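Written out below as structure tokens is the structure these notes cover.
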Amino acid sequence: MPKTITDASMTDDSTDTATAGVQQMSMQQALNRALNEILAENPKTVIFGEDCGRLGGVFRITDGLQAKHGEERVFDTPLAESGILGMSVGLAMAGFHPIPEVQFDGFAYPAINQIVCQIARMNYRSRGTLPMPITLRVPSFGGIRAPEHHGESLEALFAHVPGLKVVSPSNPHDAYHLLKYAATRPDPVIFMEPKSRYWQKGPVDVSNAALGGAAHDGDTSTGGSLTGARVAREGRHLTLVAWGAMVSRCLQVAELAAEDGIDVEVLDLRWLKPIDAEALARSVGKTRRAVVVHEAPLTSGLGAEVAQLITQSCFASLKAPVERVTGFDVPYPSGDLEDEYIPNIDRILFGIQRVLEYRRG
Amino acid sequence: MAEISFPLPDLGEGLIEATVLDWLVEPGQQVERNQPIVELETTKSALELPSPQAGKVVRIHGAPGDTINVGEPLIVFEVPDDTAGIVGTVPKDEAPKRRVRLSAVLDED
């Protein structure tokens with residue numbers, strides 16, 4: 001049987017030898033540190049993509065890795081995403097653990113054939129003899145005033161494909177640990193990095209004990225299990241469900257809602273495939289109200305899946321239908337219009353108000 | 001801080017070089033994107049070149065009368081390390097602003 005990220009027996013995998021303790025670093029630095037350690041720990045790991053080698057990545061995530069680990073393990077590719085992901089398939093078949101990068105979310109489209117038709121199903125097709133231990137890093141979502149194809153949210157697209165796992169960290173600590181965790185999975189993981197959060201610093205506990213996997217299940221004070229969601233803020237009246245860059249915005253909204261006497265819980269989903277349905281049930285079972293927030297367009301967005309999972313587990317106790325506050329059903333706009341497209345504080349507050357006002361019958 | 005070198009761009013019509021007429025900025029000066037930085041003359045016309053980006057001018061190449069080939073360094077800028085990369089800008093963490101207030105009667109049944 002191929003092992004999956006929900007396999008609790010596979011979570012005892014941290015071999016971090018760095019100095020224990022908490023350090024302040026940006027998500028850029030946390031990801032760079034994680035990649036450096038992954039390369040050092042697993043000689044089968046190779047990192048490649050557009051500008052990943054000599055330049056160190058347009059977001060500096062692979063900065064210094066080629067100089068340290070050599071041109072055979074960290075290298076530049078031609079501007080051809082189908083080639084980057086196609087090469088990942090071959091490397092994985094040959095026993096390597098590729099960590100390819102697609103430079104921006106919207107550049108993944110040319111590689112959809114390799115991702116969907118090869119990477120996602122090779123293990124299945126080969127009856128488990130050709131696993132695809134590939135971690136595809138995708139700088140994702142909007143918020144940096146970039147042009148077309150640089151601000152898109154592809155989580156629903158990837159989550160729909162059987163065989164793929166999808167994860168998105170919201171802070172430097174999770175970014176460090178989730179990337180190290182993803183890189184040890186025998187299954188392909190789409191690692192969606194919220195590019196608008198690359199530069200914000202936060203505490204990162206790089207010690208072994210920081211996130212140990214199954215031992216932390218349900219213990220929200222330590223961030224919960226690596227395989228599940230994380231309660232980013234506890235509250236009684238309503239649950240905001242978010243991931244990636246929307247988590248920090250929802251935390252801001254929760255502070256503002258508290259001024260009005262509304263106690264909002266924020267659930268950072270982290271894994272978007274598979275979704276931590278138990279965490280959703282625990283949180284909304286308590287608050288009885290939920291609003292899902294995502295940057296992606298509304299229709300067939302992951303918010304619909306989340307709403308259904310909540311309804312399935314909490315139907316009897318829900319005070320109102322689950323609300324969705326999302327991007328619009330339009331192509332991602334130019335940077336000048338980004339603030340109108342991405343759910344802003346007022347739109348999320350309106351969503352909360354609609355849920356609070358709802359009365360049955 | 002990082003330095004970014006801007007080479008003489010292709011000015012169109014198959015021209016391969018241009019002559020510096022006059023620099024409009026000098027080293028040490030802070031320039032804005034699209035601000036005219038240099039007057040150039042080609043065999044077709046004289047033109048003002050706008051700055052491709054904001055930043056502090058570190059070096060300029062070519063004195064008035066000098067000829068520069070397309071692709072050779074023209075000007076070097078100093079920019080903060082936290083520029084987003086090739087595209088985009090680093091978002092600022094601003095204090096949250098709101099216009100919407102919540103009002104609700106919460107029955108705690």
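Protein sequences appear in the order of chains A and B.
By our numbering, the letter at position 167 of the first sequence is numbered 167, and the numbering carries on one by one without gaps.
By our numbering, the letter at position 13 of the second sequence is numbered 13, and the numbering carries on one by one without gaps.
Glycine included, each C-beta is placed from N, C-alpha and C at the ideal position.
Just so we're clear, the structure is a prediction, and the values are computed from it rather than from any experiment.
8 Å Cβ cutoff, residue i in contact with chain A
i, result
"B/P52", "no"
"B/P96", "yes"
"B/V76", "no"
"B/P7", "no"
"B/G88", "yes"
"B/P91", "yes"
"B/K46", "The sequence given here places Ala at residue 46 of chain B; Lys does not occur at that position. No, B/A46 lies away from the interface with chain A (no Cβ there is under 8 Å from its Cβ)."
"B/L106", "yes"
"B/V100", "yes"
Residue-level contact to chain B via CB, residue i, 8 Å cutoff
i, result
"A/A108", "no"
"A/S88", "no"
"A/S140", "no"
"A/F350", "yes"
"A/Q200", "yes"
"A/G143", "yes"
"A/A257", "yes"
"A/H173", "no"
"A/H294", "no"
"A/I84", "no"
"A/P186", "no"
"A/Q353", "yes"
"A/A363", "No statement about residue 363 of chain A is possible, as the shown extent of chain A runs from 1 to 361 and does not include it."
"A/Q66", "no"
"A/S317", "no"
"A/D260", "yes"
Nearest-angstrom beta carbon gap, residue j and residue i [assumed within contact, 8 Å]
i, j, result
"A/L240", "A/V293", "6 Å"
"A/Y332", "A/G142", "6 Å"
"A/L65", "A/I84", "Incorrect: roughly 16 Å between the Cβ atoms, too far for contact."
"A/T287", "A/R354", "Actually they do not touch by this definition, with Cβ atoms about 15 Å apart."
"B/G88", "B/V20", "The Cβ separation is near 32 Å, so there is no contact."
"A/G49", "A/Q103", "6 Å"
"B/P27", "B/I60", "6 Å"
"A/G163", "A/A111", "Contact flag wrong, Cβ pair sits at about 15 Å."
"A/F107", "A/E81", "5 Å"
"A/V253", "A/Q23", "At roughly 29 Å, the Cβ-Cβ gap does not stay under 8 Å, so A/V253 and A/Q23 are not in contact."
Neighbourhood of residue i by C-beta, 6 Å cutoff - its chain only, sequence neighbours within 5 removed
i, result
"B/L106", "none"
"B/A54", "E32 and R33"
"A/T220", "Unreliable placement is indicated for A/T220, whose pLDDT of 40 sits below 50; no coordinate value is reported for it."
"A/V166", "E155, F158, A159, I190, L272 and K273"
"A/A277", "L309"
"B/K56", "Q30 and E78"
Where the alpha helix (DSSP H) through residue i begins and ends
i, result
"B/I37", "From DSSP, B/I37 is part of no alpha helix (DSSP H) but of the beta strand (DSSP E) over P36 to E41."
"A/R282", "A277 to T287"
"A/P172", "P172 to A182"
"A/L35", "M27 to E41"
"A/H69", "L65 to H69"
"A/M87", "E81 to M93"
"A/S196", "That residue, A/S196, is in no alpha helix (DSSP H); it is neither H nor E in DSSP."
"A/L157", "E155 to A159"
"A/A146", "Unbroken run through A/A146: none, as it is neither H nor E."
"A/V253", "M246 to E259"
Residue interval of the beta strand (DSSP E) (run including residue i)
i, result
"A/V291", "A290 to P297"
"A/E305", "Segment L302 to C314 is the alpha helix (DSSP H) holding A/E305; no beta strand (DSSP E) there."
"A/R137", "T135 to S140"
"B/N69", "T67 to N69"
"B/S5", "A2 to P7"
"A/V167", "K165 to V167"
"B/V57", "G55 to I60"
Same chain, Cβ closer than 7 Å to residue i, five either side skipped, listed in chain order
i, result
"A/D329", "P297, L298 and T299"
"A/I275", "L269, E305, V306 and L309"
"A/E234", "E265"
"A/S26", "P172, Y198, W199, Q200 and K201"
"B/I16", "N69 and V70"
"A/A146", "G335"
"A/L251", "A232, R233 and V266"
Cut-off 8 Å between Cβ atoms - residues of its own chain near residue i, not counting five sequence neighbours on either side
i, result
"B/R18", "What sits at residue 18 of chain B in the sequence shown is Ala, not Arg. Answer for B/A18: L8, L11, L40, E41, T42, T67, I68 and V70, listed in chain order."
"A/L256", "I345 and L349"
"A/W228", "Residue identity differs from the one stated: residue 228 of chain A is Gly in this sequence, not Trp. Within the same chain, A/G228 has close Cβ partners D217, R270, W271, D276, E278 and A279."
Evaluate contact between the segment 4-13 of chain B and the segment 175-189 of chain A, counting only Cβ atoms and requiring at least three cross-stretch pairs below 8 Å. no
With a cut-off of 8 Å, do at least 3 Cβ pairs link the segment 334-342 of chain A to the segment 26-45 of chain B? no
Is there contact between the segment 54-63 of chain A and the segment 234-253 of chain A, where contact requires at least three CB pairs shorter than 8 Å? no
Is the segment 129-140 of chain A in contact with the segment 151-165 of chain A, if contact means three or more CB pairs nearer than 8 Å? yes
Please determine if the segment 119-135 of chain A and the segment 96-106 of chain A are in contact, where contact requires at least 3 C-beta pairs separated by less than 8 Å. yes
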